[in-house]
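A quick write-up on the structure given underneath.
Protein chains: 2
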Amino acid sequence: MAATKTILRDDVRTSILEASIALMNEGGLGSLSMREVARRAGVSHQAPYHYFADREAILAELAGDGFDRLYDYMASAIGLARPKMGDKNRAMGEAYIRFALNNPEVFRLMFRAEMCDLSRYPEAKLKADKCLQLVATTLGVNVDPSSKDKTSPDLAPVIASWSIAHGLATLMLEGKLGEAFGETLDQREAAAGRIIGFYSERLAK
Amino acid sequence: MAATKTILRDDVRTSILEASIALMNEGGLGSLSMREVARRAGVSHQAPYHYFADREAILAELAGDGFDRLYDYMASAIGLARPKMGDKNRAMGEAYIRFALNNPEVFRLMFRAEMCDLSRYPEAKLKADKCLQLVATTLGVNVDPSSKDKTSPDLAPVIASWSIAHGLATLMLEGKLGEAFGETLDQREAAAGRIIGFYSERLAK
DNA sequence: AGGATTATCTGACAGTGTCAAGATAAGACG
DNA sequence: CGTCTTATCTTGACACTGTCAGATAATCCT
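So the protein lines, in turn, are chains S and Y.
Oh and the first sequence: position 92 is 117 in my numbering, straight run, nothing missing.
Oh and the second sequence: position 116 is 141 in my numbering, straight run, nothing missing.
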């Protein structure tokens, strides 16, 4: 019956995705190969092509999941923060960085154009846009993602906030700030929070 | 004689590097393969290994050159700016982004840990540190790169400034801000300048 | 039961990085 | 001059990759 078929189909598909996630987290995106994924999922090296057009399609799916999780990180942080805008801004930035530090490989994947061209994967793109929307509305700005003018004064604080969180996350992730920022994840998160706070204070005027 | 030998040696080495740069700029880092480099340089597929231990060693050399050029971009921008700290900060950030937009592939290379582990290539690392030094001293902070404490209040503005420039550069480069930021390089640079300016005003108190 | 569709596998091809070993040539030294 | 060493570069091989094509098996529908 249809139910059984769907379950089985999802079964293989799911194990392919799980194997992909495991590989990505173990050895980085470079060691996520179609053949190794198939090996781990216990299927032939060609089976994944029945569910994903190519390697990039798998990456797009993982990236989409990543944006969903990033959204949850930020939404829950905003919910917990005091309703003052400055506090929310800081909480959101900290959540962004916490996500990046705790999910380094998927974060890289999400923000590298050559890994997966999101314009070719509308579902993943929607999830990405949802994150931007959250940032914008939290900062009290209405943004139409299809708008042609992203340089209006209204948008400057949004882009600036996003940029500082993203830049800090990236620099920490790639080790450009040295280990001196802290050994443990907690220490590094706290240090990032201090930088974000420094900026948030000045943004709030 | 020794001179001739050196010249010849540099000749092949140089053509290997030139082929690498050309490939990187044409098809991105993904299409920079040892074999294609060798093909372009007109040597056997194994010749490059005489000058570079492996693919990463070539990338490290290119990254080092990139840091040198980034330094020049920033130093010249600072020199042209009015001596006010806010102006210098803004000019430096704009130069950082201009470099990224005009040299996207080498910029990616420079800031991706898995591309080349700079700690294994001290010459390239020195050049990278020199850039950080320039940022710090321009903002009036003395930084010892080997210092253990990068979270002192003094350093917060340096990290924040670097982060916003780096984040904005990265997001633009990877197309996360959409094409709406401008079609031409000039438009995009100008838009970036506005964001950096927005931040610099508030940083300057 | 039989045809059609879906799911999966086996095999091949061109490409990769890089190890191993051979070839060539040039310089040093007696 | 002859030999020895070393730098330079080549050829060949191996294991790996992504993915196209075709064969095969399983399942569904009538």
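Just so you know, even glycine gets a beta-carbon here, dropped at the ideal spot from N, CA and C.
| query | In its own chain, which residues sit with a C-beta less than 6 angstroms from the C-beta of Y:G118, not counting the 5 before and 5 after it? | reply | Within the second sequence, residue 118 of chain Y is the residue found at index 93, counting from 1. So the list reads A190 and I221, once near-sequence residues are dropped.
| query | If you measure from the beta carbon of S:T39 to each beta carbon in chain Y, is any gap under 8 angstroms? | reply | On the first sequence, position 14 is the one that residue 39 of chain S refers to. Cβ-Cβ to chain Y under 8 angstroms: no for S:T39.
| Taking the alpha-carbon positions, what's the S:A185 to Y:G207 distance? | Counting from one through the first sequence, the residue named residue 185 of chain S turns up at place 160. Counting from one through the second sequence, the residue named residue 207 of chain Y turns up at place 182. Each residue's alpha carbon lies about 17 angstroms from the other.
| query | Which residues, taken in chain order from the region 200-230 of chain Y, show a beta carbon closer than 7 angstroms to some beta carbon of chain S? | reply | G200, K201, L202, G203, A205, F206, A216, R219, I220, F223, Y224, R227 and L228
| Any C-beta of chain Y under 8 angstroms from that of S:F136 | Position 111 of the first sequence, counted from the first residue, corresponds to residue 136 of chain S. Interface residue, yes.
| said: Check whether the region 194-211 of chain Y and the region 128-143 of chain S are in contact - that is, three or more C-beta pairs closer than 8 angstroms. | reply: yes
| request: Please state whether DSSP places S:S58 in a helix, a strand or coil. | output: On the first sequence, position 33 is the one that residue 58 of chain S refers to. In the structure shown, S:S58 sits in coil (DSSP, three-state: anything other than H, G, I, E or B).
| query | So with Cβ pairs under 8 angstroms, would you call S:L193 a contact of chain Y? | reply | As a position in the first sequence, residue 193 of chain S is number 168, starting the count at 1. Yes, because at least one Cβ of chain Y sits closer than 8 angstroms to the Cβ of S:L193.
| field | Under 9 angstroms by beta carbon: chain S residues contacting Y:E139 | value | Counting from 1 along the second sequence, the entry for residue 139 of chain Y is found at position 114. The answer, in chain order, is G53, L54, G55, R133 and E199.
| query | Comparing alpha-carbon positions, which option in S:D154, S:D211, S:G53 and S:G91 lies nearest Y:G200? | reply | For the purposes of this step, residue 200 of chain Y is identified with residue 175 of the second sequence, where counting begins at 1. Y:G200 has its Cα closest to that of S:D154, out of S:D154, S:D211, S:G53 and S:G91.
| Span of the alpha helix (DSSP H) holding Y:S144? | Along the second sequence, read from residue 1 onward, the residue named residue 144 of chain Y stands at position 119. Segment: none, Y:S144 is in no alpha helix (DSSP H) and carries neither H nor E.
| message | So S:G89 and S:N128 are supposed to be a Cβ contact under 8 angstroms. How far apart are they, rounded? | response | Along the first sequence, one-based indexing puts residue 89 of chain S at 64. Along the first sequence, one-based indexing puts residue 128 of chain S at 103. Their Cβ separation, rounded to whole angstroms, is 14 angstroms, which puts S:G89 and S:N128 out of contact at 8 angstroms.
| field | Distance between Y:L164 and Y:V183 (C-alpha atoms, nearest Å) | value | Start at 1 with the first residue of the second sequence, and residue 183 of chain Y comes out as number 158. Start at 1 with the first residue of the second sequence, and residue 164 of chain Y comes out as number 139. So the two alpha carbons sit approximately 7 angstroms from each other.
| query | Just the Cα atoms here: how many angstroms apart are Y:G41 and Y:S58? | reply | Here residue 41 of chain Y corresponds to residue number 16 of the second sequence, with the count starting at 1. Here residue 58 of chain Y corresponds to residue number 33 of the second sequence, with the count starting at 1. Note on identity: in this sequence residue 41 of chain Y is Ile, with Gly being the wrong assignment. Taking the straight line from one Cα to the other gives about 11 angstroms.
| Between S:S58 and chain Y, is there a C-beta pair that is closer than 8 angstroms? | Here residue 58 of chain S refers to the residue found at position 33 of the first sequence. By this cut-off, S:S58 is not an interface position.
| Cβ pair S:E130, S:M49 closer than 8 angstroms | Stepping through the first sequence from its first residue, residue 130 of chain S is reached at position 105. Stepping through the first sequence from its first residue, residue 49 of chain S is reached at position 24. Yes. Within cutoff.
| request: Could you name the residues of chain Y that S:I189 contacts, counting a contact when the two beta carbons are closer than 7 angstroms? | output: Taking the first sequence and counting its residues from 1, one reaches residue 189 of chain S at position 164. Under the 7 angstroms cutoff, chain Y gives A185, S188, I189 and G192.
| List, in order along the chain, the chain S residues whose C-beta lies closer than 9 angstroms to that of Y:L196? | Counted from its first residue, the second sequence places residue 196 of chain Y at position 171. The contacting residues are F136, I184, W187, S188, H191 and G192.
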